[in-house]
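Numbering (the working numbering), first residue to last: 55 to 607. Yeah, the Cβ is synthetic: ideal placement off N, Cα and C, and Gly gets one too.
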RNA sequence: GGGCCCGUAGCUCAGCCAGGCAGAGCAGCGGGCUUUUAACCCGUGGGUCCCGGGUUCAAAUCCCGGCGGGCCCGCCA
């Protein structure tokens with residue numbers, strides 16, 4: 055009884071009209087906009103901001119002919135923040151130069167002191183302080199006006215003289231300032247300002263703006279790619295694009311995305327790897343070929359996996375797996391050098407990763423034996439399975455090699471900190487690799503581990519069409535038996551091999567993972583510029599200001 | 001698929017264990033300040049305590065159910 059009353063009271067006392075009811079019809083809004091705007095905006099829970107204040111600011115600016123949406127189409131930039139700080143670092147505190155520069159960027163902080171205002175402006179190079187002094191402002195009415203309405207988050211361009219403040223900071227003494235764009239939303243301007251993990255990925259532009267580690271990882275990936283392209287280019291490699299829409303997916307063992315080409319009414323798969331196409335190109339006589347390939351795998355998302363990722367795959371005719379390990383060492387260590395100026399990378403956790411060549415090489419079986427102190431090399435599938443189960447490793451797979459790999463990942467992989475090549479993978483889990491010239495139970499296949507993460511994979515490429523056909527058939531049977539991922543039969547690929555593939559080495563390097571390891575960021579999503587997020591009802595300031603559009607048309 | 005944690009102002013969080021007027025800092029707004037560094041000082045507005053139900057004189061707090069999010073563990077780079 056009481057409960058009923060209480061709950062019904064609560065319901066009565068907290069009614070909320072849906073927001074759209076509060077949004078005025080267009081015509082009426084024009085006449086009464088002041089009233090309606092403040093009303094409708096007040097209902098928006100949108101981030102703090104203060105759309106009302108921002109609207110007022112825009113109206114005031116418009117009156118003065120300073121509406122940035124109307125007047126600001128370009129701004130002549132002559133200097134970058136970081137360059138200025140370096141170039142003028144030797145000025146004495148309080149010293150002023152006559153050097154006039156113009157810089158542009160976003161205001162990060164505004165510190166008003168009455169007669170003097172300090173602002174931090176950031177452009178893509180870094181930060182520079184702006185000083186706006188009352189005596190200078192007095193000579194420039196427009197500056198005086200704009201200054202009233204400046205907020206942190208706004209995009210401005212300034213012209214002024216380079217000085218060093220009494221506190222010793224290189225600054226621009228502002229003589230003129232143009233408001234180039236305003237921010238309607240508050241920006242959490244502290245380092246790591248966006249803490250909510252979901253918001254970080256939803257509004258990634260904020261995370262990239264505010265989180266320097268994320269920003270440098272994203273820029274770093276570009277630098278890594280650039281350096282790897284340089285190294286490959288010098289060796290005569292040709293960069294190509296292979297199809298992302300494929301009739302038969304292959305080159306890896308993974309679940310594909312399924313889609314359709316309407317024009318052909320055909321089901322196609324998004325590329326899970328460029329491998330088989332790149333090797334077709336080697337058959338075609340492009341003896342050194344590579345791709346920085348976006349690949350898609352329709353599998354789970356976790357800290358080290360994301361359904362779309364970027365890998366560099368390179369193939370070199372007349373080379374074997376040893377050559378590819380050397381190439382991998384060179385590509386990655388030179389990229390590290392280009393990025394950090396050293397082959398050693400200090401990480402946040404205090405550890406150092408040493409990319410100096412050559413890197414350690416251990417074969418998988420020896421690594422397992424070393425970790426377990428048990429001789430496993432001649433064990434049967436059943437013996438291996440028993441050992442695995444005793445260590446809590448699932449061992450239902452019919453392939454002995456799969457069990458060996460799992461054992462390795464369980465007992466040996468986490469120990470691999472500095473770059474290490476794990477060599478001699480089991481043959482039966484390597485359908486595109488060439489059997490070892492010394493022991494056909496193994497393949498001439500390696501994987502590269504850094505900081506416990508698998509970063510690269512390569513091998514002496516299988517060029518024997520008869521064996522390739524045989525392995526594809528094995529994979530088909532495996533798929534039926536296991537419903538596990540297996541490599542589909544690709545008859546055109548075998549046909550290409552039948553024309554003759556030279557002895558060839560190949561390597562694939564996971565670039566996001568490499569960047570994860572280098573940056574020390576804990577999730578692969580941190581180094582990917584944009585990732586998918588769950589559906590969201592996005593509230594927009596603009597929606598309540600639709601009437602304002604008319605002013606600009 | 002199994003286990004653990006979180007949801008309170010625009011943001012970061014306290015309050016919950018042990019039920020009793022809804023709190024702090026930052027951000028916003030108003031005022032002051034000519035050398036600051038996330039400036040500072042004074043003043044001030046701001047709440048669906050995730051949602052629903054239950055227990056109780058009384059629920060942000062206890063119980064049940066749901067929703068949203070995160071982390072760890074098993075399979076794929």
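As computed with DSSP, residue 170 is found in a beta bridge with 187. Taking residue 187 as the centre and dropping the five residues before and after it, the same chain places the C-beta of 170 closer than 6 Å to its C-beta, in chain order. Here the segment 429-437 makes no contact with the segment 407-417; the two share fewer than three CB pairs at distances below 8 Å.
Residue pairing by DSSP places residue 356 opposite 359 in a beta bridge. Look at residue 295 here: in three-state DSSP terms it is coil, with no helix or strand label.
When C-alpha distances from residue 487 are compared across 582, 497, 480 and 493, the shortest belongs to 497. For residue 408, DSSP records a beta bridge to 398.
If one requires a minimum length of 4 residues, the alpha helix (DSSP H) runs lying completely within the segment 416-452 are 418-426 and 435-444, in chain order. DSSP places residue 513 in no alpha helix (DSSP H) but in the uninterrupted beta strand (DSSP E) bounded by 507-514. Here residue 378 is near residue 559, since their CB atoms are less than 8 Å apart. For residue 382, same chain residues with a beta-carbon under 7 Å away, outside a window of 5 residues either side, are 502, 510, 512, 561 and 563 in chain order. The beta carbon of residue 321 is closer than 7 Å to those of 312 and 314 in its chain, skipping five residues each way along the sequence. Closest by C-alpha distance to residue 154, out of 213, 280, 420 and 193, is 213. Taking 8 Å as the cut-off, the Cβ atoms of residue 134 and residue 224 do not count as close. Cβ atoms of residue 555 and residue 273 stay farther apart than 8 Å, at about 38 Å. DSSP lists 364 as the bridge partner or partners of residue 348. In the three-state DSSP reduction, residue 311 falls in the coil class, being neither helix nor strand. Your pair residue 300 and residue 266 does not check out as a contact, with CB atoms roughly 39 Å apart and the cut at 8 Å. In this structure, DSSP gives residue 414 an extended state, which the three-state scheme calls strand. The alpha-carbon of residue 387 is positioned some 11 Å away from that of residue 395.
In this structure, residue 200 sits near residue 231, with a CB-CB distance shorter than 8 Å. When DSSP reads this structure, residue 477 sits in a beta bridge with 417.
By the CB criterion at 8 Å, residue 156 and residue 198 fall outside the cutoff. Distances from the alpha-carbon of residue 455 to those of 473, 480 and 218 put 480 closest. One Cα belongs to residue 260, the other to residue 362, and the distance between them is close to 22 Å.
Residue environment for residue 329: buried (at least 16 other C-beta atoms within 10 angstroms of its C-beta). Its chain contains no residue whose beta carbon lies nearer than 6 Å to that of residue 603 once the 5 sequence neighbours on both sides are disregarded. Contact annotation: residue 360 and residue 582 have beta-carbon atoms nearer than 8 Å. CA-CA distance, residue 368 to residue 402, rounds to 31 Å. Only exposed fits residue 606, as fewer than 16 other CB atoms lie within 10 angstroms of its CB. With a cutoff of 8 Å on beta-carbon distance, residue 595 and residue 238 are scored as near each other. One alpha carbon belongs to residue 269, the other to residue 601, and they sit about 37 Å apart. Cβ contact annotation for residue 370 (same chain, cutoff 6 Å, sequence separation greater than five): 342 and 559, in chain order. Residue 325: not part of any alpha helix (DSSP H); DSSP gives it neither H nor E. The C-alpha of residue 262 is placed about 20 Å away from the C-alpha of residue 590. Nearest to residue 327 by alpha-carbon distance, out of 317, 309, 305 and 310, is 305.
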